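Asks:
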Amino acid sequence: MAEDLTAQVLSAVNSANGPVLTSKAFPDAEFNTIKSAIDKLRSRGYLEAKQVDRLELVPTEEGTAIVQHGSQEARVYNAIKEKGKVPVKELPSLIGDANVAKFGQMAAFRNKWVKKDGDMLVPLVDSIKDVTGDQLKEIADKKTLSDSKAVADLKKRKLVTERKVVTFEIQKGPNFSMEFVKEQTDLTAEMLADGSWKTIKLKPYNFKAKGAPTPSGALHPLNKVRQEFREIFFEMGFEEMPTNKFVETGFWNFDALFVPQQHPARDQQDTFFISDPPKADPPREDPPTQVLEQLSLSDPNHPDASINPSQTQQNGPKVDYQQYWENVQAVHQDGKYGSTGYKYPWSKDESLKLVLRTHTTAISTYMLKKLAENPRPIRYFSIDRVFRNETVDATHLAEFHQVEGVIADWGLTLGGLIGFMEVFFAKMGITDLRFKPAYNPYTEPSMEIFSYHKGLGKWVEIGNSGMFRPEMLEPMGLPKDMRIYGWGLSLERPTMIKYGVSNIRELLGHKVDLNFIETNPAVRLNKA
0 MAEDLTAQVL SAVNSANGPV LTSKAFPDAE FNTIKSAIDK LRSRGYLEAK
50 QVDRLELVPT EEGTAIVQHG SQEARVYNAI KEKGKVPVKE LPSLIGDANV
100 AKFGQMAAFR NKWVKKDGDM LVPLVDSIKD VTGDQLKEIA DKKTLSDSKA
150 VADLKKRKLV TERKVVTFEI QKGPNFSMEF VKEQTDLTAE MLADGSWKTI
200 KLKPYNFKAK GAPTPSGALH PLNKVRQEFR EIFFEMGFEE MPTNKFVETG
250 FWNFDALFVP QQHPARDQQD TFFISDPPKA DPPREDPPTQ VLEQLSLSDP
300 NHPDASINPS QTQQNGPKVD YQQYWENVQA VHQDGKYGST GYKYPWSKDE
350 SLKLVLRTHT TAISTYMLKK LAENPRPIRY FSIDRVFRNE TVDATHLAEF
400 HQVEGVIADW GLTLGGLIGF MEVFFAKMGI TDLRFKPAYN PYTEPSMEIF
450 SYHKGLGKWV EIGNSGMFRP EMLEPMGLPK DMRIYGWGLS LERPTMIKYG
500 VSNIRELLGH KVDLNFIETN PAVRLNKA
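The C-terminal residue of the sequence shown carries number 527 in numbering that gives the first Met the number 0, and the numbering is unbroken.
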């Protein structure tokens with residue numbers, strides 16, 4: 000059909016003295032057919048075309064009924080006028096439509112065309128002018144109405160709606176001809192053999208055409224950010240901790256961190272508990288490997304491998320896991336190591352409940368207990384998934400990724416922690432930081448870390464930090480004069496800040512836009 004319409008378009012332009020509107024020249028042709036013919040002729044210079052958009056009014060289904068039968072109020076008036084008077088109860092059957100009778104009666108009362116006389120409806124005027132019906136007939140005929148106030152009222156009553164109409168204004172182009180020569184798309188061997196290639200017209204290449212997108216795999220932004228974090232940690236001399244346990248005991252997840260058993264975070268409203276098996280064994284060393292030796296001392300090139308145990312500062316006897324278990328109970332229940340404790344009856348059963356880990360600090364705790372066997376300066380980090388029974392909103396999910404860092408050394412101070420945080424986040428391109436005093440059961444002093452989120456237009460908490468308390472460290476057997484920084488942040492919130500994502504559910508979960516995953520930059524962090 001496009002081929003036939005191409006000839007008709009050329010004929011219409013040739014016979015006209017000026018521009019031609021396709022809506023008038025081809026009122027019954029489909030838009031896509033017209034556009035196809037015009038695009039073909041315009042690309043070859045046969046004609047020039049300008050797209051003309053306009054809005055026209057169209058009666059709705061209810062409006063079309065009024066065009067055919069008159070307005071509801073007019074139908075009610077005419078029915079009453081014809082009978083002289085009509086019982087109220089008989090009006091719906093007389094009109095044949097209960098809704099028309101109901102709403103038409105109200106409008107007729109409002110226009111003072113009819114009145115109620117007892118149980119009867121009687122006319123008040125000898126004749127009426129059906130303004131609404133006339134307006135809708137004009138709209139159906141001319142697709143417009145000059146009275147803007149009346150149009151607004153008809154829209155409000157949902158009797159008309161606006162429809163966008165696209166047409167073209169066309170005229171002769173520089174290469175205009177009444178004969179449209181079909182162009183060849185391929186140069187064949189036959190054309191070369193018989194010499195027809197000399198006279199045929201070849202279709203030109205469209206160098207502006209976009210190529211077809213090539214399907215390919217794509218890394219999720221969180222995986223890219225995770226790798227950037229890992230590289231930053233490695234650059235700063237950190238070692239990665241093993242994080243392959245999603246299920247932890249209440250002991251490692253809470254008690255060893257000096258979190259009281261009555262703490263709100265341990266309630267079912269904040270923690271996912273495992274029902275089968277009902278509880279775990281008391282803490283013990285994981286056989287058959289030593290995690291610290293796996294991480295560092297097994298590597299002869301690692302800087303810690305050259306440390307002589309006699310050169311490390313060790314205070315006090317070794318603490319085995321049974322003694323550690325008892326030390327944690329004592330520091331909670333009765334107080335120990337200079338602390339008064341919480342003074343509550345500590346429950347072993349509560350400590351051995353299994354939970355989906357609420358933070359990767361449970362891993363850090365175990366690693367610090369291993370460090371007590373050979374105290375020395377260390378830098379550890381981990382990045383993995385954690386679970387909290389949170390209410391899901393724009394900045395919270397029930398499962399997310401936590402970035403955890405731990406630094407142990409002698410002579411560490413809070414000012415050093417602040418300075419380290421500024422350097423650490425600057426390597427991610429996040430420089431606008433604020434620090435706020437906070438409370439954590441296992442760190443003192445503690446600080447929350449905030450960064451300004453331009454997408455949300457507010458300061459967003461991106462991390463928590465502090466210096467681990469003696470009540471957490473000394474039961475492990477770590478030296479009293481050793482200080483340890485600890486901090487954690489989510490992987491999602493820095494990613495949201497850098498990518499300008501305002502809703503975390505658009506970054507992780509079932510609402511993620513796959514096109515966003517495929518088209519986001521290969522490298523996220525800004526390098527200084």
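Just so it is clear, CB atoms sit at the ideal spot from N, CA and C, and this is done for glycine as well.
All values reported here derive from a predicted model rather than from experimental measurement.
1) Between the C-alpha atoms of residue 132 and residue 28, what's the straight-line distance to the nearest angstrom?
2) So the alpha helix (DSSP H) residue 195 belongs to, where does it begin and stop?
3) So, do the segment 69-87 and the segment 46-57 have three or more beta carbon pairs nearer to each other than 8 Å?
4) Thinking C-beta only, is residue 220 closer than 8 Å to residue 494?
5) What whole-angstrom Cβ distance do residue 318 and residue 475 have, given they're in contact under 8 Å?
6) By Cβ distance, which residues of its chain are closer than 7 Å to residue 371, with the 5 residues on each side in sequence left out?
7) Using a 10 Å radius around the Cβ and a threshold of 16 neighbouring Cβ atoms, would you call residue 315 buried or exposed?
8) So, does the segment 318-335 touch the segment 233-243, judging by three or more C-beta pairs under 8 Å?
9) In chain order, what residues of the same chain have a beta carbon less than 7 Å from the beta carbon of residue 13, not counting five sequence neighbours either side?
10) I believe residue 379 touches residue 419 by the beta-carbon criterion, under 8 Å. Please report the beta-carbon distance rounded to the nearest angstrom.
11) In whole angstroms, what separates the C-alpha of residue 192 from that of residue 198?
12) Out of 434, 397, 417, 367, state which residue places its alpha-carbon closest to the alpha-carbon of residue 407.
13) From residue 288 to residue 381, what distance separates their C-alpha atoms?
14) Measuring alpha carbon to alpha carbon, tell me which of 439, 36, 60, 351 ends up nearest residue 263.
15) So, at 6 Å on beta carbons, what are the nonlocal neighbours of residue 40 in its own chain, with the 5 sequence-adjacent residues on each side left out?
16) In its own chain, which residues sit with a C-beta less than 6 Å from the C-beta of residue 62, not counting the 5 before and 5 after it?
17) Using a threshold of 8 Å, state whether the C-beta atoms of residue 169 and residue 21 are closer than that.
18) Let me make sure I understand the geometry here. Which of 363, 411, 497, 482 has the alpha-carbon closest to that of residue 425?
19) How about residue 71 and residue 102: are their beta carbons less than 8 Å apart?
20) Please classify residue 36 as buried or exposed, where buried requires at least 16 other C-beta atoms within 10 Å of its C-beta.
21) My output table needs one value for residue 143: the three-state DSSP class, helix, strand or coil.
22) Going along the chain, which residues of its own chain have a beta-carbon closer than 6 Å to the beta-carbon of residue 328, five neighbours each way excluded?
23) Work out the CA separation of residue 412 and residue 492 for me, nearest whole Å.
24) Residue 206 and residue 6 - do their beta-carbons sit closer together than 8 Å?
25) Is it buried or exposed, residue 500, if we count other Cβ atoms within 10 angstroms and call 16 or more buried?
26) According to DSSP, is residue 507 part of a helix, a strand, or is it coil?
27) Would residue 56 and residue 144 be called neighbours here (beta carbons separated by less than 8 Å)?
28) What residues match up with residue 378 in a beta bridge as DSSP calls it?
29) Just verifying my parser: in three-state terms, what is the DSSP assignment at residue 365?
30) Residue 460 to residue 142, Cα distance in whole Å?
31) For residue 18, which of 373, 171, 139, 33 has the nearest alpha-carbon?
32) Please work out which residues of its chain come closer than 7 Å, Cβ to Cβ, to residue 120, disregarding the five sequence neighbours upstream and downstream, and give them in chain order.
33) Does residue 201 pass the burial test, meaning 16 or more other C-beta atoms within 10 Å, or should it be called exposed?
34) Along the chain, which unbroken stretches of the alpha helix (DSSP H) at least 4 residues long are found entirely within the segment 219-278?
35) Provide the residue(s) that pair with residue 483 in DSSP beta bridges, ordered along the chain.
36) So, helix, strand or coil for residue 449, using DSSP?
Replies: Reading off the structure:
1) As a position in the sequence shown, residue 132 is number 133, starting the count at 1. As a position in the sequence shown, residue 28 is number 29, starting the count at 1. If I take the Cα positions, the gap works out to 30 Å.
2) Locating residue 195 in the sequence shown gives position 196, counting from the first residue. It is not in any alpha helix (DSSP H) - residue 195 carries neither H nor E in the DSSP assignment.
3) Judged by Cβ distances under 8 Å, the segment 69-87 makes no contact with the segment 46-57, as fewer than three pairs qualify.
4) Residue mapping note: residue 494 aligns to position 495 of the sequence shown, counting from 1. Residue mapping note: residue 220 aligns to position 221 of the sequence shown, counting from 1. Taking 8 Å as the Cβ cut-off, residue 494 and residue 220 qualify as a contacting pair.
5) Here residue 318 corresponds to residue number 319 of the sequence shown, with the count starting at 1. Here residue 475 corresponds to residue number 476 of the sequence shown, with the count starting at 1. Confirmed, Cβ separation roughly 6 Å.
6) Position 372 of the sequence shown, counted from the first residue, corresponds to residue 371. The residues are 318, 475, 476, 477.
7) By 1-based counting over the sequence shown, the position of residue 315 is 316. Note that residue 315 scores a pLDDT of 49, beneath 50, so its modelled location is shaky and nothing firm can be said.
8) These segments do not touch.
9) Taking the sequence shown and counting its residues from 1, one reaches residue 13 at position 14. 177.
10) To locate residue 379, count along the sequence shown from 1; it is residue 380. To locate residue 419, count along the sequence shown from 1; it is residue 420. Their Cβ separation, rounded to whole angstroms, is 14 Å, which puts residue 379 and residue 419 out of contact at 8 Å.
11) Taking the sequence shown and counting its residues from 1, the one referred to as residue 192 is at position 193. Taking the sequence shown and counting its residues from 1, the one referred to as residue 198 is at position 199. Distance between the alpha carbons of residue 192 and residue 198: 13 Å.
12) Along the sequence shown, read from residue 1 onward, the residue named residue 407 stands at position 408. Closest in alpha carbon position to residue 407, among 434, 397, 417, 367, is 367.
13) Along the sequence shown, one-based indexing puts residue 288 at 289. Along the sequence shown, one-based indexing puts residue 381 at 382. The pLDDT assigned to residue 288 is 37, lower than 50, so where the model puts this residue is not dependable, and the model offers no usable value.
14) What you label residue 263 is simply residue 264 of the sequence shown in a count that begins at 1. It is 439.
15) Against the sequence shown, residue 40 aligns to sequence position 41. Result list for residue 40: 46, in chain order.
16) Start at 1 with the first residue of the sequence shown, and residue 62 comes out as number 63. Closer than 6 Å at Cβ, skipping near neighbours: 135, 158, 159.
17) Residue mapping note: residue 169 aligns to position 170 of the sequence shown, counting from 1. Residue mapping note: residue 21 aligns to position 22 of the sequence shown, counting from 1. It is a contact, given that the beta carbons lie within the stated cut-off.
18) Taking the sequence shown and counting its residues from 1, the one referred to as residue 425 is at position 426. Per the Cα distances, 497.
19) Start at 1 with the first residue of the sequence shown, and residue 71 comes out as number 72. Start at 1 with the first residue of the sequence shown, and residue 102 comes out as number 103. Against a cut-off of 8 Å, the Cβ pair of residue 102 and residue 71 comes out as a contact.
20) Residue 36 sits at position 37 when you count from the first residue of the sequence shown. It counts as buried.
21) By one-based count along the sequence shown, residue 143 stands at place 144. Here residue 143 sits in coil by DSSP.
22) Locating residue 328 in the sequence shown gives position 329, where the first residue counts as 1. Around residue 328: 345.
23) Taking the sequence shown and counting its residues from 1, the one referred to as residue 492 is at position 493. Taking the sequence shown and counting its residues from 1, the one referred to as residue 412 is at position 413. Between residue 492 and residue 412, the C-alpha separation is close to 27 Å.
24) Here residue 6 refers to the residue found at position 7 of the sequence shown. Here residue 206 refers to the residue found at position 207 of the sequence shown. Contact flag unset, no.
25) What you label residue 500 is simply residue 501 of the sequence shown in a count that begins at 1. Buried, by the Cβ-count rule.
26) To locate residue 507, count along the sequence shown from 1; it is residue 508. Note: residue 507 maps to coil in three-state DSSP.
27) As a first step, residue 56 must be located in the sequence shown, where it is residue number 57. As a first step, residue 144 must be located in the sequence shown, where it is residue number 145. It is a contact, given that the beta carbons lie within the stated cut-off.
28) In the sequence shown, the residue the question calls residue 378 occupies position 379. Note: residue 378 is bridge-paired with 406 in the DSSP secondary-structure output.
29) As a position in the sequence shown, residue 365 is number 366, starting the count at 1. If DSSP states are grouped into helix, strand and coil, residue 365 belongs with the helices.
30) Against the sequence shown, residue 460 aligns to sequence position 461. Against the sequence shown, residue 142 aligns to sequence position 143. Their backbone Cα atoms lie some 56 Å apart in a straight line.
31) In the sequence shown, residue 18 corresponds to position 19, counting from 1. Of the listed residues, the one whose Cα sits closest to residue 18 is 171.
32) Position 121 of the sequence shown, counted from the first residue, corresponds to residue 120. Hits under 7 Å: 79, 84, 85, 87, 90, 113.
33) For the purposes of this step, residue 201 is taken as residue 202 along the sequence shown, with counting starting at 1. Residue 201 should be labelled exposed.
34) At a cut-off of 4 residues, the continuous stretches assigned as alpha helix (DSSP H) that sit fully inside the segment 219-278 are 220-234, 249-252.
35) What you label residue 483 is simply residue 484 of the sequence shown in a count that begins at 1. BP columns for residue 483 point to 407.
36) Taking the sequence shown and counting its residues from 1, the one referred to as residue 449 is at position 450. Strand, per DSSP.
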